[in-house]
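Residue numbers (the working numbering), protein chains in the order written: chain A, 12 to 224; chain B, 12 to 224. Just so it is clear, CB atoms sit at the ideal spot from N, CA and C, and this is done for glycine as well. Treat the numbers as computed from the prediction; the structure is a model and nothing was measured.
As structure tokens, this is what we get:
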């Protein structure tokens, strides 16, 4: 199949959204926890987590301000804090359910069957059932002029995850935690680890990196 | 394991990079094809593809200007065009090898064993062996002040992929194309499809979406 830009633009809006979102590739399904100024714990699924830098450690996320995600964005800008929670693959239905448009006074934690917990002194709520917890602090909001989306950048304040999935060189074996992957807006995956490969150099054979702890 | 920001910053640089990169989650391994002003076909693996918008269709990618990726960035800014190529999981070794620092006069296509082909009138080269081909045109470069990384945004000019993996509603079943996934800088995955779920609404049971063609 070959579709050019005009043909893509002629498709119905929902077809185009499904096509372009799913074609953007595999992602992690990440649950973002925030707290509103009214004290309501908010939880929403995002698939746009992106590595910004390791020193200092920072991640980015993309927001479309005209969607249900606005609760999350407003809470982050109001409070300055949020959490990243990586659910187990088996929790994919509860994770997907967080994308429903609940009223502002409802908490997706309760409505979708997740427990809200607090870690360290972090002001935003975490998902107890998640395998990986990352406490985030808002740094910067970058407007993307071409279509009004927003890249939100935060610093990693702390990470909390099972010892067993962190390897000697710092590698986090997400598959050993059976962490959920996704594509597009509604497709969920488990993963099969192939292997880790050595640092690539010209004219040098690649070798397998061990992931023994 | 609980690591706070200070403890992360105290780690050796390579440990920290491995930790923060792999913790950023599952991604697609995408090969970016470009052509230099000298006519050399360049190919590089990226794992930072991000959906920016569907109308018009746009994707973003993150660049760190101080790395090997600079050939790709310079070629895109010089020529205005690039390609996205989604390799098969079985080609993960050749895909990883494109991250080696080849000299400017060398082509990663040849050095890593991929064939360069041209599609439509697109000026940048595609990977013949890839399952999905996306022709991209440069739109905008956004500097991220906090650490000097660059978000590069491009428009989708056309897409080329097997009919069989595009479903009735526009969903692209990447797993049916056996497309490669990755995490961090060196870990590769196949995926196991669980299912697609219906649009989530409060107090409404989720149902399975068919992916019959």
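Just to make sure I have the definition right: I need the residues of chain B whose C-beta is within less than 9 Å of the C-beta of residue i. Which are they?
{"i": "residue 231 of chain A", "result": "Past the boundaries of the shown model lies residue 231 of chain A; chain A is included only from 12 to 224, so the question cannot be answered."}
{"i": "residue 151 of chain A", "result": "155, 156 and 157"}
{"i": "residue 73 of chain A", "result": "61, 62, 63 and 71"}
I'd like to know if residue i contacts chain A, where contact means its C-beta is closer than 8 Å to some C-beta of that chain.
{"i": "residue 140 of chain B", "result": "no"}
{"i": "residue 13 of chain B", "result": "yes"}
{"i": "residue 36 of chain B", "result": "yes"}
{"i": "residue 221 of chain B", "result": "no"}
{"i": "residue 104 of chain B", "result": "yes"}
{"i": "residue 189 of chain B", "result": "no"}
{"i": "residue 82 of chain B", "result": "no"}
{"i": "residue 127 of chain B", "result": "no"}
Would residue i count as contacting chain B if we go by Cβ distances under 8 Å?
{"i": "residue 136 of chain A", "result": "no"}
{"i": "residue 21 of chain A", "result": "no"}
{"i": "residue 211 of chain A", "result": "yes"}
{"i": "residue 43 of chain A", "result": "no"}
{"i": "residue 116 of chain A", "result": "no"}
{"i": "residue 67 of chain A", "result": "yes"}
{"i": "residue 54 of chain A", "result": "no"}
{"i": "residue 112 of chain A", "result": "yes"}
{"i": "residue 107 of chain A", "result": "yes"}
Skipping 5 residues on each side, what residues in its chain have a beta carbon closer than 8 Å to that of residue i?
{"i": "residue 27 of chain B", "result": "19 and 20"}
{"i": "residue 84 of chain A", "result": "74, 76, 161 and 163"}
Who are the neighbours of residue i on chain A, taking C-beta pairs under 8 Å?
{"i": "residue 160 of chain B", "result": "63 and 64"}
{"i": "residue 16 of chain B", "result": "67, 68, 166, 167, 168 and 169"}
Which chain A residues are close to residue i, counting only those with a beta carbon under 9 Å from its beta carbon?
{"i": "residue 199 of chain B", "result": "204, 205, 206, 207 and 208"}
Which of the three DSSP states, helix, strand or coil, is assigned to residue i?
{"i": "residue 91 of chain A", "result": "coil"}
{"i": "residue 121 of chain A", "result": "helix"}
{"i": "residue 28 of chain A", "result": "helix"}
{"i": "residue 82 of chain B", "result": "helix"}
{"i": "residue 154 of chain B", "result": "strand"}
{"i": "residue 166 of chain A", "result": "strand"}
{"i": "residue 116 of chain B", "result": "coil"}
{"i": "residue 209 of chain A", "result": "coil"}
{"i": "residue 100 of chain A", "result": "helix"}
{"i": "residue 222 of chain A", "result": "coil"}
{"i": "residue 106 of chain B", "result": "helix"}
{"i": "residue 161 of chain B", "result": "strand"}
{"i": "residue 133 of chain B", "result": "coil"}
{"i": "residue 38 of chain B", "result": "strand"}
{"i": "residue 176 of chain B", "result": "helix"}
{"i": "residue 196 of chain A", "result": "coil"}
{"i": "residue 44 of chain A", "result": "strand"}
{"i": "residue 181 of chain B", "result": "coil"}
{"i": "residue 13 of chain B", "result": "strand"}
{"i": "residue 71 of chain B", "result": "strand"}
{"i": "residue 217 of chain A", "result": "coil"}
{"i": "residue 60 of chain A", "result": "coil"}
{"i": "residue 191 of chain A", "result": "coil"}
Within the same chain, show all residues whose beta-carbon is closer than 6 Å to that of residue i, passing over the 5 residues directly before and after it, in chain order.
{"i": "residue 89 of chain A", "result": "48"}
{"i": "residue 190 of chain A", "result": "97 and 142"}
Do we get a CB-CB distance below 8 Å when we pair residue i with the residues of chain C?
{"i": "residue 147 of chain A", "result": "The structure shown contains no chain C; its protein chains are A and B."}
Which same chain residues, not among the five before or five after residue i, have their C-beta less than 7 Å away from its C-beta?
{"i": "residue 67 of chain B", "result": "166"}
{"i": "residue 186 of chain A", "result": "202 and 204"}
Since residue i meets chain B, which of its residues come closer than 7 Å, beta carbon to beta carbon?
{"i": "residue 195 of chain A", "result": "182"}
{"i": "residue 133 of chain A", "result": "Ordered by position in chain B, no residue passes the 7 Å Cβ test against residue 133 of chain A, which lies about 10 Å from the chain."}
Against residue i, what residues of chain A qualify as contacts under a CB-to-CB distance less than 7 Å, listed in chain order?
{"i": "residue 174 of chain B", "result": "12"}
{"i": "residue 217 of chain B", "result": "104, 107 and 108"}
Mind pulling the chain B residues with CB within less than 8 Å of residue i?
{"i": "residue 100 of chain A", "result": "205"}
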